[in-house]
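So the structure is just underneath, and the comments pick up after that.
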Amino acid sequence: MICAMIRKMAVVLAVLASPAMAEIKVQEVTSPGGIKAWLVEDHGIPFTALELRFRGGTSLDAPGKRGAVNLMTGLIEEGAAEMNAQKFAESRDALAAEFKFDASADAVSVSARMLTQNRAQAAELLRLALTQPRFDADAVERVRGQVLSILRANAKDPGALAGETFDKLAFGDHPYGTSGNGTIDSVTALTREDILAAHQGALTRDRVYVAAVGDITPEDLGALLDHLLADLPETGAPLPGPAPVGLTGGITVTDFPTPQAVVMFGQQGIERDDPDYFAAFVLNEILGGDRFGSRLMTELREKRGLTYGVGTYLADYDQADLMLGQFATDNRTVGEAVDILRAEWAKAAQGVTEAELAAAKTYLTGAYPLRFDGNGPIANILVGMQMVGLPVDYSATRNARIEAVTLDDVKRVAARLIQPDGLRIVVVGQPQGLPDTP
Amino acid sequence: MRKILMGTALWLLAAPAALAQTVTDFRLDNGLDVVVIEDHRAPVAVQMMWYRIGAADEPPGHSGIAHFFEHLMFKATDDLAAGEFSDTVEAQGGSDNAFTSWDYTAYYQRVAADRLDLMMKLEAERMRDLQLTDEVVATERNVILEERNQRTDSDPGSLFSEQTRAAQYLNHPYGIPVIGWRHEIEQLNRADAEAFYKTYYAPNNAVLIVAGDVRPDDVRKMAEAHYGPLKPTPDIPPRLRPQEPPQLAERRLEMRDARVSEPFMMRSYLAPHRQSGNQKEAAALVYLAELLGGSGTTSLLAKKLQFEDPKAVYSYAFYDGTALDSGSFGFGLAPLPGVPPHEAEAAMDQVVADFMAAGPDPAAFARIKTQLGASEIYAQDNVEALARRYGEALSVGLTVEDIKAWPEVLQSVTPDDVMEAARKVLDRRAAVTGWLLPEEDAQ
C-alpha cells in the first residue's frame, strides 16, 4: 500500500553535455518525505533499475563481531514479514523482479530491477525485505554455512591470501585490515542478536544514496522511496574513522604451493578531492590502466610474455586512499617481473611524455560516455557519484577535467605520489630467488 | 499476495514477443553474413566479427591453436604495426577484445557510433593480411602459458572441469580444453598458425554483428566498402567433427588436490542442442535445468537439499544447448561439512528420481515461464549481450529466424515436453560423475 500524501517534488535538471551522451538527463529528485535521489527517466523499456547504497558497510562491524554486516546482508532475501525464505523467493520470481544485496568495506548495496507492470508489488516485497527481515534460525544457519564455505576456500586461494596479507600490512587493526567476511571463529560465534544489531546499524535513512534509471516518473519515484524507506531507523552505528596507511617498502612472501605466484603491490594513494587527483588518475592510466598499451602491460606482457595481465588503480576508500596493482607470473619469473615493476615504478615518479599524456586523455575521454550503457550500469554510476560527493552535473564536466591536466601537473603529482622506495609487494606462491624484506 | 502474482504471470504469457529489437540481416557477395541490431538509446556501437572456427575444429595434436590465433590477431599486418589495432581503438576511447570457444572465435570493439567505419577498416585489414614472425609467436606463446597457469593450473576447480569434460567425450573434440593441453601449447609454432589462418579466416567463414546506434543501410555501405573486396576461401573444410559413439557405461572420476577445501561433485550428460527449425527439445531442457536447479532457493534441488533435509551448501543444474554438435546437461553439488559425498550424491539422485515420478510443480513451472518472458524485457537493456546471442547462435548453424523464434519456443513448452526431454537425457549410463576432493581425505 502506497502512502497517500501531498506530493511536493523538488526537481533539478542537469543535462550532460558530452557529445556521445546528449540524451541522458539526470534529475535531482527529493521525495515528499525528504529522500534525495538521482533519476534518469527513460521510458523506452518497461522496467526500472533502482540502486540504493547505505554508507558504512562491513566496516560498521562491532568489535568481536567481524562478518556480522556481511552475514546480515546475505540474509535480507531469506524471508521477510509473513514470508519465509521460500515464500519470499517465490513471490519475487513470480513478479520476475530481481534483487541483489551486497556488502563491501564501505557500503551495503541494493540493486533492483522491477517491471513497470508490477512495480508496486515488487517495491512492496523489497520494502519488507529491507525493513522486516526475519533472520529465521534455519536461514541463519544455512547462510552462515555458505559464508564459512567461502572462508575455507579463500584460505587456499592465492589471490584471496594475497589480498588479506596486503590489507593487514596496510591497515593493521582498522576494519579495513581484515576481511569483511569475518573469520571462521567470528562468523561461527555470531548470534541472531548480532545480526539484528547489524541490520539496525547498517541500513539507515541518514546514510542512504539512491539512483533510479528507466520507466518511472519523478513523482512515482518519490512515492516509491518514501514507502520503501519510511520504516528504516533514522541513524545507525558510528563510522570507523580514518584508516592510516601503514605500508613500508619491501617484499612479503607467503609460501603457497602453486605453479604461478600472485603478486599484489601498493602504496599510499591520493584523496578523491585532492586538486591533483585528475593528474594522478591520468598518471595511473599511463602506468597501469586498463589498456593493452599501458607501460606495465607493454613491459611485462607484450615485450616479455611474463604475465597474462597486469593493472594498477587508485583505490579510494571512504577512510583511506591507496594506489594498488596486481599480476600473476610463473614462480621462476617472479624475480624478473618484480625488478621490472620496481624500475617502472621509479620511472613513473619522473612523470610522463607528451605523447603518453595525449594518448591517455584521448582514451579516457572517449571511453567515459561508453560506460553509460543500460539502465542498471547508469544507476550504478550515479549512486557511486553521490557516495563520493560529486555534483549532479559532474558527468558533464568530467572530461574537461581530464583535458585540463598538463604535463607539469602530472610531473608534480608523480613526484609527490609515487614512492619508489615505499612500494610494498606481497607475493603468494613459491617464487625463486626473491628475498623477503619485511 | 499470491493471487495478484498469478495474474501477472498470465499477462506476461500473452505478450513476450511484442518487444523484439529491430534486427536486419543480409549477405555480401563474398559470403560474409551481416546482422544489424538497432538500439538508438545511446550513441554507441558494437562491432563483432565471429569466425566459424573454434577449438573443436583444431587438427589433432594442435590443441589451443584456435585460441592462440585469437591472440595473434592483435599483432602486425602488412599495414598495421603490432599492437596498433588496440592502440587505434583505444585512441578512439573504445575498448576491444576477443574470445574463443569450441565452435567459434570472435573479436569485438565498442566505440562511439560515429567511429564504426574506422573499426570496420581495421577488422577487414586483419582478416586476410596478418604478418607473423617467429619472435612474435614465441613471446605470445609465453603469454598463453601464463594465461593457462592463471586460469587453469592455479585453480583446482578448472583442472577438475577440464578432466570431467575430457571424460565426457570419447571421440568428439569437445573433450579438449579451449586453451589447449600444456604440452601441445608448448609446441605450437608459426607454421601451425599460418596454415590455420589461411584456411579459416575468410569472409565466407564469418558473421559480422553490428549493434547499437546504427542504421542497416549505413552498415551495408560500410561493410561493402571494407569487407566487400576481401576474397573468400573457396575450399573451407566442412565442419565434420568425429562424433560420439553411444555411451553405454557411466564414467566416474575422482580427483584430489591439496588446494581444495571441500568436496564438490559434477555430473554431466550429453544432451540435444538447439537445431535450426527444431528448438523445442532444447527449450524443454532449459525448463528442466531451471526446475531442478535454477534458483538457489526455490528449485527442487535447493528446496530438498538445502532447506527440507539439509545435505548441501549449494546445488544447481545447468544446460547449454547452443552448440554445433551436442548440448550438455548437468548438476553441481557441494555437500555440507560432515555429510559424506556418497550420501549427498544419493540424496541428489533421490530428488531427481522423485521428480521423474511426480513431474513438475505447476506453480514452479508457471514462475519459470514468467521469468523467461520477462528476461526478454531485461535483455533489451544490454545490446552487447544481444549481439552475442546472435553471433553465438549464427556460428553454430542456427538462423536469424531461429533466434527470433526462441522466446516464443520457450513460451510454448509444456510440462509434458519437459518430462519427455528429461527421460531422454537423464540416463545414468550416459553420464559422467566426478568428485573433486581435498587431499587430506585420501584413504
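Sequence order for the protein chains is H and G.
Mapping of the first sequence onto my numbering: residues 1 to 438, in sequence order.
Mapping of the second sequence onto my numbering: residues 1001 to 1443, in sequence order.
Don't be surprised by glycine CBs; every beta carbon is placed ideally from N, CA and C.
Taking Cβ to Cβ, would you say residue i is nearer than 8 Å to residue j?
i: G/A1271; j: G/Y1174; result: no
i: G/T1322; j: G/V1396; result: yes
i: H/F265; j: H/R424; result: yes
i: G/S1261; j: G/P1438; result: yes
i: H/P240; j: H/H174; result: yes
i: H/G305; j: G/E1135; result: no
i: H/V413; j: H/V352; result: no
i: G/R1041; j: H/G44; result: yes
i: G/K1311; j: G/V1339; result: yes
i: G/I1179; j: G/E1290; result: no
i: H/A212; j: H/L60; result: no
i: H/P259; j: G/S1154; result: yes
i: H/L203; j: H/A68; result: no
Would you mind telling me which residues of chain G sit closer than 8 Å to residue i, beta carbon to beta carbon, in chain order?
i: H/R142; result: Q1306, F1307 and P1310
Take residue i and list the residues in its own chain whose beta-carbon comes closer than 8 Å to its own, dropping the five residues that flank it on each side.
i: H/I184; result: L148, L151 and R152
i: G/V1143; result: H1071
i: G/L1028; result: V1034, P1203, A1223, E1224, Y1227 and G1228
i: G/A1193; result: I1065, F1068, F1069, L1072, L1132 and V1137
i: G/E1250; result: R1428, R1429, A1430, A1431, V1432 and T1433
i: H/R291; result: E285, M297 and Y363
i: H/G422; result: L247, T248, G249, Q267 and Q268
Can you list, in chain order, the residues of its chain with a C-beta nearer than 7 Å to that of residue i? Leave out the 5 residues immediately preceding and following it.
i: H/A80; result: F88, L128, A129, Q132, P133 and R134
i: H/A415; result: A349
So, for residue i: in the same chain, excluding its five sequence neighbours on each side, which residues have a beta-carbon less than 6 Å away from its beta-carbon?
i: H/S104; result: G57
i: H/D121; result: The sequence given here has Gln at residue 121 of chain H, not Asp. The answer, listed in chain order, is L95.
i: G/E1123; result: M1049
i: H/Q326; result: M264
i: G/M1001; result: With a pLDDT of only 27 at G/M1001, under 50, the local geometry of the prediction cannot be trusted, and the value read off the model is given with reservation. None.
i: G/R1126; result: M1073 and T1077
i: G/F1264; result: A1334 and L1436
Please list, in chain order, the chain G residues whose beta carbon lies closer than 9 Å to that of residue i.
i: H/K411; result: Under the 9 Å cutoff, chain G gives no residues; its nearest Cβ is about 23 Å from H/K411.
i: H/G305; result: A1138, T1139, E1140, R1141, N1142, V1143, I1144, L1145 and E1146
What is the rounded straight-line gap between the Cα of residue i and the Cα of residue j?
i: H/N154; j: G/L1230; result: 51 Å
i: G/G1157; j: G/D1349; result: 22 Å
i: H/S31; j: H/D42; result: 19 Å
i: G/E1384; j: G/G1391; result: 10 Å
i: G/R1388; j: G/N1382; result: 10 Å
i: G/W1435; j: H/V334; result: 33 Å
i: G/E1186; j: H/G374; result: 42 Å
i: G/D1309; j: H/V392; result: 51 Å
i: H/S395; j: H/V282; result: 17 Å
i: G/D1087; j: H/G293; result: 7 Å
i: H/N331; j: H/Q386; result: 43 Å
i: H/A237; j: H/S186; result: 19 Å
i: G/H1444; j: H/A107; result: No information on residue 1444 of chain G is available, as it lies outside the stretch 1001 to 1443 that chain G covers here.
i: H/F256; j: G/A1166; result: 28 Å
i: H/D488; j: G/Y1287; result: Since the displayed chain H opens at 1 and closes at 438, residue 488 of chain H lies outside it and no answer follows.
i: H/N399; j: H/R66; result: 40 Å
i: G/A1358; j: G/Q1371; result: 23 Å
So which residues on chain G does residue i lean against when the C-beta distance must stay under 7 Å?
i: H/P431; result: In chain order: nothing, as chain G lies at least about 14 Å away.
i: H/D185; result: Correct list: empty, because the minimum Cβ distance to chain G is about 15 Å.
i: H/P158; result: S1154
i: H/T362; result: A1091 and G1093
In the DSSP assignment, find the alpha helix (DSSP H) that holds residue i and state where it starts and stops.
i: G/I1065; result: I1065 to L1072
i: G/W1181; result: Where G/W1181 is concerned, there is no enclosing alpha helix (DSSP H), given that its DSSP letter is neither H nor E.
i: H/I378; result: N375 to M387
i: H/A355; result: E354 to L370
Can you give me the start and stop residues for the beta strand (DSSP E) that residue i sits inside?
i: G/V1044; result: V1044 to Y1051
i: H/Y313; result: V310 to D316
i: G/V1413; result: Premise fails: G/V1413 is in no beta strand (DSSP E) and is neither H nor E.
i: G/P1438; result: A1431 to P1438
i: G/Y1107; result: T1105 to A1112
Since residue i meets chain H, which of its residues come closer than 9 Å, beta carbon to beta carbon?
i: G/Y1314; result: Q146 and S149
By the criterion of Cβ-Cβ separation under 7 Å, what are the contact partners of residue i in chain H?
i: G/Q1092; result: G366
i: G/Q1150; result: Q260, Y308 and A328
i: G/L1336; result: G145
Cβ of residue i within 7 Å of any heavy atom in the ligand SAM?
i: G/V1286; result: The ligand SAM is absent from the structure shown, which contains no ligand whatsoever.
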